[in-house]
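So the sequences go chain by chain: F and Y.
When you line the first sequence up against my numbering, it's residues 77 to 268, in that order.
When you line the second sequence up against my numbering, it's residues 77 to 268, in that order.
What follows is one structure encoded as structure tokens, with my remarks underneath.
Protein chains: 2
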Amino acid sequence: MKALTARQQEIIQSSLKLITEGGIQHLTIKALSASLGVSEPAIYRHFSSKQEILLTLLQILEDDNLRFRQTIASEKPSIRHIAGMFSRQGQLFMHNRELSSIIFSEEIFQNNRELSQKVLQISTERHEIVRSIIISAQQQREIRTDIDSRQITLMIIGSLRLVVLTWRLSDFGFDLAEELSASWEALFKMLS
Amino acid sequence: MKALTARQQEIIQSSLKLITEGGIQHLTIKALSASLGVSEPAIYRHFSSKQEILLTLLQILEDDNLRFRQTIASEKPSIRHIAGMFSRQGQLFMHNRELSSIIFSEEIFQNNRELSQKVLQISTERHEIVRSIIISAQQQREIRTDIDSRQITLMIIGSLRLVVLTWRLSDFGFDLAEELSASWEALFKMLS
DNA sequence: AAACGGTATGTTAGTAATCACTAACTGATC
DNA sequence: GATCAGTTAGTGATTACTAACATACCGTTT
């Protein structure tokens with residue numbers, strides 16, 4: 077989790093904006109430099125290559141996983157951590173819409189082996205975190221135990237992803253936090 | 077639903093293969109012609125532009141929606157149509173893995189306005205079909221009525237999508253039909 | 001049966017535009 | 001005077017696509 081300079085953060089922010097606008101194909105050094113109001117070579121003063129920029133984007137997702145892990149480690153295990161995940165994601169994306177473009181973007185980084193493997197690793201990690209919460213919630217009898225924890229994990233992450241995707245496709249046309257909260261409510265009802 | 081010539085079908089098949097291998101960025105006229113063992117201009121004898129090829133790919137998804145609509149129209153409404161959707165998708169993708177690359181590919185076609193709008197339309201249509209099944213299943217008291225049909229639709233499509241995505245990320249490393257069937261079983265149990 | 005003409009499907013060679021990136025230079029700051 | 005952060009001008013590679021030409025096939029005419 078190397079610290080980024082102010083300029084690097086600006087570049088990352090612009091990269092996210094470009095991806096939001098037109099997908100990964102829209103993220104070019106030319107578009108990036110134009111968006112920042114500088115020349116193309118200026119970008120290379122701050123990142124050695126485009127690949128470096130993409131890896132830094134993925135670092136955001138890794139950091140988010142790490143923070144999630146720390147949060148649940150510091151409190152006692154409970155299904156409320158899933159509710160927390162839904163509300164945290166809602167807050168995060170509503171304050172930083174661009175982030176939602178890459179957070180569930182396995183499709184984006186297919187091009188490159190190093191990138192796609194990293195995406196897979198991050199996504200697997202997220203699944204494991206959620207599943208560990210589900211398993212201990214089942215042990216605590218917080219939720220029903222007659223459904224396999226893997227299936228529950230799948231429903232939870234699948235629903236969350238689809239809400240965020242729908243939100244993006246609708247051009248951020250509804251209150252994401254509200255919708256995510258309604259989704260979790262329905263899921264929790266079915267899990268009780 | 078214009079009929080494709082044999083050569084056009086080969087081109088579409090190769091396009092799907094290329095997208096499976098390396099995402100939309102990997103689908104270039106050069107790679108496509110190489111994959112078919114012809115020169116680049118030969119492609120243009122069968123499609124007037126690359127855009128035409130992409131639109132034809134989306135046509136597959138539209139046709140699938142149409143077939144789904146026809147299936148449920150020809151039989152009496154029932155929640156079994158959702159089970160049927162899970163099993164049909166499983167069969168379809170296991171016999172044609174390449175198709176799974178684009179079936180849930182909102183991210184892929186972001187680049188172009190015409191394409192991304194078509195994707196949104198197809199995806200919205202699919203939601204509506206599923207929701208109409210859920211609503212009538214609730215009216216028939218086949219499933220519980222204390223959960224909003226929108227939320228149920230979201231869970232169902234979200235789960236299905238995530239299973240297929242996981243399957244692709246795992247390099248088709250498990251029996252998709254089996255996994256989809258297990259997912260639906262869990263969902264149905266929670267909906268009863 | 002042979003010749004003719006059109007259509008379908010391919011080729012080679014090339015286009016302008018764009019891609020990520022680099023060399024060499026400039027100016028400001030400490 | 002060294003470092004940082006920018007510039008202009010250019011690299012070769014790749015993009016989708018086109019012009020012009022070649023050939024195989026097919027039904028019709030002689």
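Each residue gets a CB set at the ideal place from its N, CA and C atoms; glycine is no exception.
Is the Cβ of residue i closer than 8 Å to any Cβ of chain F?
i: Asp38 (chain Y); result: Any answer about residue 38 (chain Y) is impossible in this case: the structure gives chain Y only from 77 up to 268.
i: Met161 (chain Y); result: no
i: Ser91 (chain Y); result: no
i: Ser208 (chain Y); result: no
i: Gly166 (chain Y); result: no
i: Ile223 (chain Y); result: yes
i: Ile233 (chain Y); result: yes
i: Ile211 (chain Y); result: no
i: Arg237 (chain Y); result: yes
i: Leu131 (chain Y); result: no
i: Ser115 (chain Y); result: no
Could you give the DSSP three-state label for residue i: helix, strand or coil?
i: Asn187 (chain Y); result: coil
i: His122 (chain F); result: coil
i: Glu255 (chain Y); result: helix
i: Arg83 (chain Y); result: helix
i: Arg244 (chain F); result: helix
i: Lys78 (chain Y); result: coil
i: Pro117 (chain Y); result: helix
i: Glu218 (chain Y); result: coil
i: Ile223 (chain Y); result: coil
i: Phe250 (chain F); result: coil
Starting from residue i, trace the alpha helix (DSSP H) both ways and give me its first and last residue.
i: Asp140 (chain F); result: Lys126 to Ser150
i: Leu168 (chain F); result: Arg156 to His171
i: Ile178 (chain F); result: Ser176 to Ile179
i: Leu100 (chain F); result: Note that residue 100 (chain F) is Ile in the sequence shown, not Leu. Careful: Ile100 (chain F) lies outside any alpha helix (DSSP H) and carries neither H nor E.
Should residue i be flagged as near chain Y, meaning a C-beta pair shorter than 8 Å?
i: Gln215 (chain F); result: no
i: Glu218 (chain F); result: no
i: Lys265 (chain F); result: yes
i: Arg202 (chain F); result: no
i: Gly98 (chain F); result: yes
i: Ser259 (chain F); result: yes
i: Ala110 (chain F); result: no
i: Ile66 (chain F); result: Residue numbering for chain F in the displayed model covers 77 to 268; residue 66 (chain F) lies beyond these limits and cannot be assessed.
Determine the burial state of residue i: buried for a count of at least 16 other Cβ atoms within 10 Å of its Cβ, exposed for fewer.
i: Gly113 (chain Y); result: exposed
i: Gln215 (chain Y); result: exposed
i: Ala79 (chain Y); result: exposed
i: Leu142 (chain F); result: exposed
i: Phe169 (chain Y); result: buried
i: Gly249 (chain Y); result: exposed
i: Ser150 (chain Y); result: exposed
i: His171 (chain F); result: exposed
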